[in-house]
Structures are given as C-alpha cells and as structure tokens.
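First up is the structure itself, then whatever we jot down about it.
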Amino acid sequence: MRTLSYMQAIAEALILEMRRDPHIYIAGEDVGKFGGAFGVTGPVFKEFGPTRVLDTPISETAIIGHAVGAAAAGLRPVVEILFMDFLPIATDELCNQAAKIHYMFGGQVSCPLVVRTAIGAGMGAAAHHSQSLEAWVCHIPGLKTVAPATPADAKGLLISAIRDDNPVVFLEHKMLYATKGEVPEGDYTIPLGKAEIKQEGKDVTLICYSAMVRQCLAAGALLEKDGIGAEVLDLRTLVPLDKEAILSSVAKTGRAVIVHEACRTGGFGGEIAAVIAEEGFATLKAPVKRVCGPDTPVPFSPVLEAEFIVSAPKIAEAAKSLL
Amino acid sequence: MRTLSYMQAIAEALILEMRRDPHIYIAGEDVGKFGGAFGVTGPVFKEFGPTRVLDTPISETAIIGHAVGAAAAGLRPVVEILFMDFLPIATDELCNQAAKIHYMFGGQVSCPLVVRTAIGAGMGAAAHHSQSLEAWVCHIPGLKTVAPATPADAKGLLISAIRDDNPVVFLEHKMLYATKGEVPEGDYTIPLGKAEIKQEGKDVTLICYSAMVRQCLAAGALLEKDGIGAEVLDLRTLVPLDKEAILSSVAKTGRAVIVHEACRTGGFGGEIAAVIAEEGFATLKAPVKRVCGPDTPVPFSPVLEAEFIVSAPKIAEAAKSLL
Amino acid sequence: MAPPGTAPEKPDRTPDSKEGGLGLDSASQDAGLDCERLLSLFRCMVRIRAFEEHAHKEFLKGEMPGFLHLYSGEEAIAAGVMDTLEDDDYIVTSHRGHGHLLARGSDPKRMFAELFGRVDGYCRGKGGSMHIADMSRGFLGANGIVGAAVNIGTGAAFAAKYRGEKRVSVSFFGDASTNRGTFHEALNLAAIWELPAVYVCENNFYGSANYQSDYMKLKDIADRAASYGFPGVVVDGNDVLAVRAAAVEAVTRARSGGGPTLIECKTWRHWGHFIGDMARYRDPAEHEAWLKRDPIPSFKAKLLAWGVASENELAQIEEAAEAEMDEAVAYGKASPFPPVSELTAGVYKEDRP
Amino acid sequence: MAPPGTAPEKPDRTPDSKEGGLGLDSASQDAGLDCERLLSLFRCMVRIRAFEEHAHKEFLKGEMPGFLHLYSGEEAIAAGVMDTLEDDDYIVTSHRGHGHLLARGSDPKRMFAELFGRVDGYCRGKGGSMHIADMSRGFLGANGIVGAAVNIGTGAAFAAKYRGEKRVSVSFFGDASTNRGTFHEALNLAAIWELPAVYVCENNFYGSANYQSDYMKLKDIADRAASYGFPGVVVDGNDVLAVRAAAVEAVTRARSGGGPTLIECKTWRHWGHFIGDMARYRDPAEHEAWLKRDPIPSFKAKLLAWGVASENELAQIEEAAEAEMDEAVAYGKASPFPPVSELTAGVYKEDRP
Ligand SMILES: Cc1ncc(C[n+]2csc(CCOP(=O)(O)OP(=O)(O)O)c2C)c(N)n1
Ligand SMILES: Cc1ncc(C[n+]2csc(CCOP(=O)(O)OP(=O)(O)O)c2C)c(N)n1
Ligand SMILES: [Mg+2]
Ligand SMILES: [Mg+2]
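Residue numbers (our numbering), protein chains in the order written: chain R, 1 to 323; chain B, 324 to 646; chain V, 647 to 999; chain P, 1000 to 1352.
This is the structure we're talking about:
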C-alpha cells in the first residue's frame, strides 16, 4: 500500500469529501492561499479555490460562531482553529452553541460541524501554542472528540467526522503531521467510538490516543525486553468512548496504565480511570496508573519542554510498577 | 452564633476584605447600582460605591482580561461572571493569561485575582444559565478552584481566596444563596485545599462539594435508616485537592461514592476516582461509584431539570449498591 | 411590494423631540402600502403585546419557570422588519425574542407550550423562553448568551450566499450586546465576505440596569457600522413604518448582493429587564414620556387618521388577539410535560432515529 | 521634554506618496528635540535592528526553538513611543515584541538568554520570544494569543487610575489583531472608564499572509476609535518623529485624565510573518518601495542634513550596536539551561518561597 504522511492523509480526506458533497467548505485563518499554518489545506485550496476554502480574519469566535449558523442552515463546515490553545476564545460558540442547539431546540436543527485543531507540545512554541485541551471538549455533551494517531486513522476518522450530523472536534497532533504510514486509497470510514488495539499483550494495558500511541508502542518495545507483554489500546475517539474495548482489555491484562500528554489533574485520563474503577474493578490486579503531563503550563526552554512530554521510559516504568 | 445566608456571608467576606485592603475592587455586570444579579454585591456597593464596585459593559473578555492586567500591576481584583455558563467567553483570559503569567514570565509577576461565578441548575434557567463547568478550570495549572457548600465555609474560603496570590475561581451555587447557617463574626480564613468531614460514618464515603453536600447529607440520613453509616466529605476546594482527606476517609470506609451536579463524562469526579484508583486501591472493598448529572445540556422543562439534578435517593441507592 | 420609503430622520433620544415625535410626517404615507398590509402590521404588534401580557400574567402566577424578558414596547421593530422578509429567509434573536417569532408567523400555542416547559412546545419544552426556535420558519433561535446569536445569523447569511440563493439573514440584538466582541467579529466577517445579512439593533437604552451612556461613549450605535465599512442607519424604533422602510432598504441591499446593513432602532421596553426587575433605575419622567410613544396607539391613530380602518375594526383585531392568546395559554397549559426519558434523548442527532 | 510637535498629515498607504515620502517637511524639525534625544532615538532603532538581525541569524542556525517574529522595519514605532514614557508606565505587546523591550531599556543579554531558553532569560527561559516580559520596567509581557494583550494593557491603565497615579499604559498590537473581539471590548471599557491608555496599532498591512483589504473593509484602522468615542490618529509609522509627536499627544492626554487614544502607525515588516515564512504573498514592487522607506536610513539622512551628528558618529552607534548584540548573543548562549526541576516550579506563587 502507498504511504502518506498524517498531514497528507488529512488533506486527502478533505479533498475526497469535498468532491462528494458540495455542502462542505473550509474556513479558518490562513487555510487558503497560505495553505494552512502547517500546510494541511494547501492541496485542498489548490483544487477548490477560495469559494470553498475561505480565509477568515483573526476572529476565532466568528470562525466557529458563523459555522454554527451555516451548519444549522444546511451546510457542513469544516473549520480550523490553528492551535487548540486558541479554542478557549471560541468555547462559547463551540460548547454553548454548536454542542447544544440540537438538544435545546428539541431536535429541530442539527449542527454537522467539524472543528480541526492542532494539539501538543514539541515545537518550542511555549505556553500558548502547545496545549492539549481535549478534556474540556470531552466534558460537553453534544460534542464528539476524535484524536487519531496514524495517517490511516486520521483519514478514516476525518471522513466519519465530516459525515457525522453532530459537531466533532478533530484533534491533530503537531508532532504527527510529518509521520508516515500506509493509507488505503479512496474513501473509507472508521467509525467514531471504536478503539483499536495497536499491539496485543497480556500483562498490562496501555490506554492512549494521539501522539502518545507512538510513545506507548515504544514503551511496549521496552517492556518486551523485560518479558512484559503490553497491550496498546488506541482509543482514537474520546467521545463517544469505547468503554467495552477498555474494559475487555483490562479484564484480560488486569492492569491499566493511562497515558496522555495533557496535564494530569482534570485530564481525560481521570474519566478513563473512573470507568475502570467503576466497571472494571473486579478485574483489576493492581492500582490504575496515569502517566500524564505535569500540572504546569508548557514551558519554552527545550530542556523543560522535553521533560514535560511523557516519554516511553516513563510509561514503561509505570507499567512495571504494577507488576 | 448568628445565622447568615450564603449570600450574606459572601457579601460580608467582600466587605471585610475591602475594608482591610484598598487594593481590592469588584468589577462585573450589574454588580454596582443594581446590586448584583443575585443581590450579592448590593451591600458592598452601598458601603464602597462606584469607585470600588464597578459596573462593566457586557464584555466578559474585558472583565477578566482587564483584571489580569490590574492584578499584574498590583491590584487585587474580585470580578464577577454572572453565570459560569458565560465563563467560556473569557476562558482565554482566565486560562491562558491569568493562570499562566506567573509561570511563563518566570515568576516576575503574580496574578492575585478572584473570579466569582454562579453555578448550578434548579432555577428553570435552561442550557445557558445552569452549568457547572468546574472541570474546565480544575484542568488548568495555575488556577485554584473553590466550591463552598455552607455560609461559614463561603465566608472563610472567600477571604482566603482574596488573600491568595494566585487566580482563584470561586464557585457559588445559585440554589445555595438563600440557605442559612451559623457564621462567625469578624474575619477568619479557611485554608484552600482542606476538605471537611461534614458527617462521620464508617461504611461508605460520599465525596462531594457545593450544593451536593446537602444532597449527600440527606442521603446520609436515608442510609442511616438502613443502618448504613455514611461519611460525608465536603472537598470545599477542588484545586488544590485534599487527597489525604479523600484517601484516609476511603481507607476507613473502603467504599467511595463521588457526587457532583456537573455532567458525568469528563467531570471532576473522574479526577477523584482516579486518585482513589491510583492511591487508594488497596483500601477499596468495592468499585468506586460516581453519581453525577447526565451527559446532557440542562433542559428547561421543570420535570426534566428536576431529573437532571442528582437527588439524595439516587446517592443513597448508589451507596447501597456498594455494600 | 411597495418601493422603499424614505429613510426617516434620526430621532433624538428624548422621545418628545420634534423629529422623533408622533407627527404623521414620517415615512409612513409614502411607503405606499395597501390597507391590508397596514392592518397586518397593526395586527402583528397587537398580537405580540397580547402574547406578552399573557405571559406576564402567567409568570406572576408562578406557572412559568426561569427568566422572562418581555418585548412589550418594542413591537414595531419585529413587525416592521419581518414584514419585509421572504418565507425562506433566516432569523436569529436574543433572550427577548417572543415578538420576533410571532411576527414571523410562529404559533403562539406552541410558544406558550414551550414557555410552560411542555412537550408540545417548539423545543419539546427543553428550550424555554430563552432558547425558543422555529426551524420551519428559518428561525434559528433565541439565545441565552448575549451576543452569541449575531455570529450564528452571520453564518446563516453565509450559507445563503454559498449556495447562491437569494436568501437574507436578519439578526436581532440589544444595544448593550454590541459591546461584546462577537458583535465586532461577526459584523467584520459579514463585511469581508459581503454577506446578505441585516443587523437590527433594538436600542431600548438599557442593558439590564445600565443606561446606554454607562456602557458606551457613543450616541448612535449605528455609527459602529463604520468600523466594518457598511452602512448604519438610525430609525425611530417605535414607528413601524419607519422601521419597515429601513428594513426594505437593508433587505433589498442584502438580497441584491450589496452586503450588510446595521439598523439601529431606538425604542423602549415597557417593563423591567426581566419580570421581577422593578426597573427602579429608570427615570420616571423619561419612562412616562416613552410610554406616551407606545408604538401601538400611535400607529392606531395613524390608521384611523388615514381612514385605513374604523375604531371598531381595530378593536376587533385587539379582541381577536386577546382571544387567541387566551386559547394559546390554555393550550400550553394543557400540553403534558415531556416524559422523563426526554432528558437523555436527542443529545446527538442519532439518539432519536 | 519637548513640547508636542504638530501631528503629521495622514500618509497615503502607497509609500511613495508625497506626504508619506522621505521629505524633511514633516513634524521632525519643530518637535524641538535636542541632539542627544535625536541620537538616542537613532540608537534605539539601530539597536533593535541589530538585535533582530542577530536573532535571525541564530534562528537560521537552528539554535533557537519555537517561532520568531521579527520587528525589523517597524523600529520607529517602538522608539518613538517609548521615548515619551516615564519609568513607571506600563507596556504590553504581542508576539512581535523584541523592539518594544529594547526600546524600553531591557537588557539584550537577558533577552537573548530568554530566546535561547536559558536560565538567565527574563523568564528563566520559560517564556521565550512570544512570552517575554520585564516587570522591572513595567513591561507586562509579550503574548502568544493575538489580541489578548490589549485587555491586559487596559487593566494596567485601570490600576494606575484606581490608585490615583499619573501612570499611563501603552498597548502595542498589529493591524490584523484589531479584528478580534478583545480589541472591541478593551477599547470600549477604556473609553467608559476614561482610562490613561494609549493603543498603538502597528499596521504593517499584513496579518500573516493576508493583506489588510482581505480582512477589513476599512482604510484607516484609526477610524475604529470612533466606535468608542475617543480620538484615533494615523501616522507614518516609519517616521520616528511623527510617531513620537503622536505619542506625546496621546500620552499627555492619558496622563492628564483625558482618556484613551488609538494611534495607527503605518509601517512594513521587512521579513516574513515569522522566520521560515518566505512572504511570497507580497507584491515585490510594493515590498521594494517600502524597503526604500526603511525608518533607519531615512532618519539617518535627516540627522546628517540637520547636522545633528557626523557620518562617523552615526557609524559608531551602528558598530556599537553590532558589538553589543554579538556580546548579548554570546551571553545568551553561555547561559545554562534551567534545571529540570524548574519545570514544576513556580506554577503558583507559593511554590517558590
Ligand atoms: C454573555 C452574557 N452576559 C451577560 C448576560 C446577562 N444578561 C442577559 S440580558 C442582559 C442585558 C442585555 O441588554 P441588551 O443587549 O441591551 O438587550 P435588552 O435586554 O435590552 O433587550 C444581560 C447583561 C448574558 N445572558 N450573556
Ligand atoms: C488568537 C490567535 N489567533 C491566531 C494566532 C496566529 N497568529 C499569530 S500572529 C498572527 C498575525 C497577526 O497579525 P497582526 O496583528 O497584524 O500582527 P503582525 O504579525 O503583523 O505584527 C496570527 C494569525 C494567534 N497567535 N492567536
Ligand atoms: Mg437594551
Ligand atoms: Mg500586521
């Protein structure tokens, strides 16, 4: 199979869907002639031009806010918030409007909206360009949240997100954009809400998503050297959450390490831990463990930033502590 | 001891602190001549007038945003966001600016800022005036989060919050404003980060905060009838979290029910469950349980809203299921 | 449809000024509307007033949960603007939106059912007064977040333009809401994208307890349009024909590709900000003066003066509205509460197959 | 301090227009500044340019993490405005803030240490270019969120007024940032509260790859001040004396209780939006024309023409700046990285007793 980068896979999904459905358009800062801050939308702009790939002013509330109206009026906007750090500017629009209108208007209207945004540290971009705020959007009923780890997943999940009739937040990790993987041709979907075991193992389950899947696979390799079989469960979608996959893997291994890059306190790892503590308690052979970012802003200095980001050895160490 | 309402206790804290320290001022919508949407700041305005109790335009980003600058420049703002549902409008100001400037400027500046805001359902105010979004602010390092349940706690915690050199989000539950309790005279502080056992018990720990403390006490009374001793642990402060109090109560009872009004998925209950599953696992005799609001916006219709709000019988039932 | 009337002079904010007064010298007569149309404007305002009075009464009885923001006194704006729209145009409004729904043709029965939180309400009782919507009429909803609707209305305008349709999107909002950043971002986006959007600012001089001069150093909010490079006009918001004339112009501009307009309608709310607010912050003399400029009697006087209808005919319209709203209240109250299962239904589209 | 010079004419946006050109007919000579002051303005601009060129070089070597937004070409604004401030005034800026710190007197050594992420940086290496601050000079920081600083600057102005001090707060921001709602809310609040705030919009005609006409239908951003009811002025941002004259007027107004002013300075950035952006979206002819209006040579020509200094003296200033920045880079690179323990230190004030 041919190999694409994560970025190319996302662009391909956008192009295929926009060919299929004229109601889909893209709007955001620098998505058009500049080709996107990370270059994702360049090829899309090339094919569809400025009528379907629209540059906006620096107006995050208008980017998501107008999209709510456009979606309610029948379009299928795919908007971009450059960095998830800027999403706080438009959380009213996303969380009070997009997420709620279907429910609070009694089902009269739907809001098929995708918000693409870049998460994660690793670029030396410091406190305002490095956050992973998925916990926020996961807490808001009415939203779905997707965080793919591989190019193939990114493509299939983005197509599903675009076809979904609800607002979906699609999280792209900056440090994954250049990573490559095999990606099927043509359009295919990966259902929202389905986790995937990226590596089987019998001793401990490493539960993860987005860039941390790579770290967990690396940790799995480290653990293997010590004869420990780590199962790497990539959630792929956070809401809806594939509880069955979590619980059945933990039932098998009896041990769970939850890994995310986001800050620990109040992170989505708490939700996963709670699900296990509530519904998987009987199968647990050891405490649950979270390996997360520390409770700090993301620092600029490269030595500090490197320490901020969860590493494979730390994950492996946590897993070992449960055995 | 004299009895005050929760609202009066908050006003008293504001007045005492403002008498003590001229750097403290209040700003928000309708806090001045109107006396506050819920009447809290009326007596404060009466004593201090418009130079220290300032009405603002409907500009939530400017309310918190200007306060960050004022705090950095040496004042101690106590600002009000009428309903926590409106905080999403100013989350950049709160979570990217107020929370981070001390850290990202390397300690050069501090941000002694209190954001008072009203949480909770129960008034028929529907999806945009009823949310409890504490999980969001608890996830942001640099912020502290306080959610008092009684008038005496509200007063002592608010004084601590005002004296704290960090930004503190002070959550006032609308349905508590009129509730009464004994409140000591004069100024006293309750340290941030200290939970309180509001009722001792040996069989199960009900972990709660804000309005849910009353529900848990009521549930405790129901359980007592069945001979079950419920310990009601009022966290009072969510960040910093009193982990020791949680773990030692759970060590005693072996059973934990976590209760909050906020929506379940991604709620702060996940964090509490995770702490127990990580650090209290050995002492657990049964799965952890969360009793939370459902994953829905808050509906308008009184029958639906009533069902949305966690009730004492539901809590009692959950506790029983663990025994 | 009649040709657009002349835009009226800017009224001074004191209601008894010459230009803003009750004189029949405004745009009214040269609007060229036929009697039926004039009566329908009158009927529209009367029905809104009757609806609000009924809602007020029911709220005071304690039968309505939540907050109630009445539109009484501002009827000329909803009536005048809606009269210029086509069936497939879009509308958004704020927390004070009953008048806009009624003027758009929504059914007061289902509106009352919504206000009582009943299953036959437009939103199955889940929205209430602050979140009422009627998608069958392009009405994308009231909004509990001040300043949020204006972005949504802008997006609907975008949808129309994107599809190459001739639809227009009208956003109603209050004076004080124009201090939110959303106003700035939405209007600027509409300008850049040259959207078929009409922005109607209902300036009742108050944002809850604050007078306009408390929260902006600007006399005419319409002047804010200059920041975005499109026209802003001021009209007497208590003169239904003046409002209508300005709306005709703005809607025509929007529909023909000329881009957005901001219309500021100076008006007055007869009650407090919400029911329960006694509005003690108002100057009684100013309030009295504005009550004398009530848009309904003043329009009624014109209709009589012009011989459009007799006293009796107009009284019949008023009585019919009363009867209609009595019935609507009864319908609303008779509607059952939604089943408890409705709490968790419909959070996502697929939840309700 | 010299009396305020006459405010210059509005320059046309094409750089070769008569008013905006290099002619020595502007506010320059009647600003009444002594030679020392004029040279200090020159030195300030030259030092900023040298700093930015050094930063550029180091970034291309791959020695600086993150994003780097250079101020080259816009030096006249920082130099002209800062020259009018007192030591205890407040300043905030955006992502493009090196020039503002340098003009304020911050130490380039500690700035480079910060840009390299070292412990001797102003923020112990935790902030970097986009979050650099120097509280010892009232400099409340650069900001990674476009449009966020303007609220913070407004709050500092409030603090000054609240305490009855005569301090002023100056907020620097870009043209494109004025489309964010924060601009609207902050300026309106400053107007209502009559704050001692000066808003300096550095209009370099681009918000990343977008030209001004792509994102606003307005020629002069200064005109947006009308929405808030305070003065807005346009100046040639490449003429340090013109900028200074406008700043004197605005700062004097603010300090004497006259409230805020918006100053729009038309200028040009010499490089792409950030280093790595090749700025292919620019019209080469326009770029060339603006490069000819580089604020440094043009001011140098004036100084020579006026006999303020000799070629040699000015060259010495340039060489000194080069040497200073060489040294600052070396200092920055020699400074150690912060210890790993710094990651979790100082999240809360009490963390570092
Ligand atoms: C973002 C936000 N801030 C504050 C409120 C509370 N609030 C509701 S209506 C209102 C006043 C609105 O004034 P205006 O826009 O003039 O509309 P009017 O009520 O006069 O029709 C306020 C402050 C809110 N609902 N949303
Ligand atoms: C809220 C926000 N949106 C977008 C960005 C990304 N961004 C950084 S600088 C910039 C352009 C700013 O343009 P302008 O305000 O004119 O300042 P200039 O860069 O020209 O100095 C953009 C879009 C950001 N940092 N913050
Ligand atoms: Mg109003
Ligand atoms: Mg710019």
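C-beta atoms are modelled at their ideal positions from N, C-alpha and C, and glycine is treated no differently. These figures come from a predicted structure and were not determined experimentally.
- Helix, strand or coil for residue 1099 of chain P, going by three-state DSSP, please let me know. helix
- DSSP beta-bridge partners for residue 912 of chain V? V:849, V:882
- Any residues in the stretch 607-638 of chain B with a beta carbon nearer than 7 Å to a beta carbon of chain V? Which ones, in chain order? 617, 618, 619, 622, 623, 624, 625, 626, 627, 630, 631
- Message: For residue 938 of chain V and residue 403 of chain B, I'd like the C-alpha separation in whole angstroms.
- Response: 37 Å
- Task: Express the C-alpha separation of residue 843 of chain V and residue 107 of chain R in angstroms, rounding to a whole number.
- Result: 25 Å
- With a threshold of 16 other CB atoms inside 10 Å of the CB of residue 706 of chain V, please say whether the residue is buried or exposed. exposed
- Message: Using a Cβ-Cβ cutoff of less than 7 Å, which residues in the same chain neighbour residue 783 of chain V once the five nearest sequence positions on both sides are dropped?
- Response: 750, 751, 752
- If we ignore side chains and look at the alpha-carbon of each, how far apart do residue 613 of chain B and residue 278 of chain R end up? 8 Å
- Item | Proximity below 8 Å, CB of residue 574 of chain B to CB of residue 603 of chain B | The answer is yes: Cβ separation under 8 Å.
- Message: Taking the straight line between their C-alpha atoms, what separation do you get for residue 518 of chain B and residue 1100 of chain P?
- Response: 45 Å
- In chain order, each alpha helix (DSSP H) run of at least 4 residues that lies wholly inside the stretch 1039-1117 of chain P: 1074-1081, 1097-1103, 1107-1114
- With hydrogens ignored, establish whether the beta-carbon of residue 1175 of chain P is closer than 7 Å to any heavy atom of ligand 2. yes
- Item | Environment of residue 310 of chain R [buried if 16+ CB atoms lie within 10 Å] | buried
- Query: So what does DSSP say about residue 1020 of chain P, is it helix, strand or coil?
  - Reply: Note that residue 1020 of chain P scores a pLDDT of 36, beneath 50, so its modelled location is shaky; the value from the coordinates is reported in the next line. Coil, per DSSP.
- Might you give, ordered along the chain, the residues of its own chain that have their beta carbon closer than 6 Å to the beta carbon of residue 916 of chain V, omitting 5 neighbours on each side? 718, 719
- Item | CB-CB length for residue 522 of chain B against residue 540 of chain B, believed under 8 Å | 6 Å
- Task: Taking C-beta pairs closer than 9 Å, name the residues in chain B that residue 325 of chain R reaches, listed in chain order.
- Result: A query on residue 325 of chain R cannot be resolved here, the shown segment of chain R reaching from 1 to 323 and no further.
- Message: Please tell me whether, using a cut-off of 7 Å, the distance from the CB of residue 853 of chain V to the nearest non-hydrogen atom of ligand 3 is below it.
- Response: yes
- Item | Per DSSP, cross-strand counterpart(s) of residue 497 of chain B | Residue 497 of chain B pairs with nothing; no bridge assigned.
- Query: Taking the runs of the beta strand (DSSP E) that are 3 residues or longer, which of them lie wholly in the stretch 545-596 of chain B?
  - Reply: 553-557, 560-562, 579-586
- Query: Quick one: is residue 952 of chain V buried, meaning 16 or more other Cβ sit within 10 Å of its Cβ, or exposed?
  - Reply: exposed
- Message: Just to make sure I have the definition right: I need the residues of chain V whose C-beta is within less than 8 Å of the C-beta of residue 1190 of chain P. Which are they?
- Response: 862, 863
- Item | residue 790 of chain V beta carbon less than 8 Å from that of residue 475 of chain B | In this structure, residue 790 of chain V does not lie closer than 8 Å to residue 475 of chain B by Cβ.
- Query: Closer than 8 Å, CB to CB, is residue 416 of chain B near chain P or not?
  - Reply: yes
- Exposed or buried, which one is residue 824 of chain V when buried takes at least 16 other CB atoms within 10 Å? By the neighbour-count criterion, in which a residue is buried when 16 or more other Cβ atoms sit within 10 angstroms of its Cβ, residue 824 of chain V is buried.
- Hey, does residue 644 of chain B have any beta-carbon neighbour from chain V nearer than 8 Å? no
- Task: Taking only beta carbons into account, state which residues of the stretch 380-399 of chain B come closer than 7 Å to chain V, listed in chain order.
- Result: 380, 381, 382, 384
- Task: Identify each residue in the stretch 1158-1192 of chain P for which the Cβ-Cβ distance to at least one residue of chain R is less than 7 Å, and report them in chain order.
- Result: Across the stretch 1158-1192 of chain P, CB contacts with chain R closer than 7 Å involve 1175, 1176, 1178, 1179, 1180, in sequence order along the chain.
- Message: Could you check if residue 362 of chain B belongs to the surroundings of ligand 1, using beta carbon to heavy atom distance under 7 Å?
- Response: no
- How about the stretch 828-842 of chain V and the stretch 1208-1221 of chain P: do they share at least three Cβ pairs that are nearer than 8 Å? yes
- Determine which residues of the stretch 780-792 of chain V have a Cβ less than 7 Å from any Cβ of chain R, and write them out in chain order. 781, 786, 787, 791
- Item | Residues that residue 206 of chain R bridges to, as DSSP identifies them | R:232, R:257
- Cβ shell of residue 845 of chain V (< 6 Å), same chain only, five flanking positions each side left out: Once the five neighbours on either side are set aside, the close Cβ partners of residue 845 of chain V are 817, 908.
- Less than 8 Å separating the beta-carbons of residue 386 of chain B and residue 418 of chain B? no
- Quick one: list the residues of chain P neighbouring residue 55 of chain R, beta-carbon separation under 9 Å, in chain order. Chain P residues near residue 55 of chain R: 1208, 1209, 1213, 1214.
- Task: Please confirm whether any heavy atom of ligand 2 lies closer than 7 Å to the CB of residue 1095 of chain P.
- Result: yes
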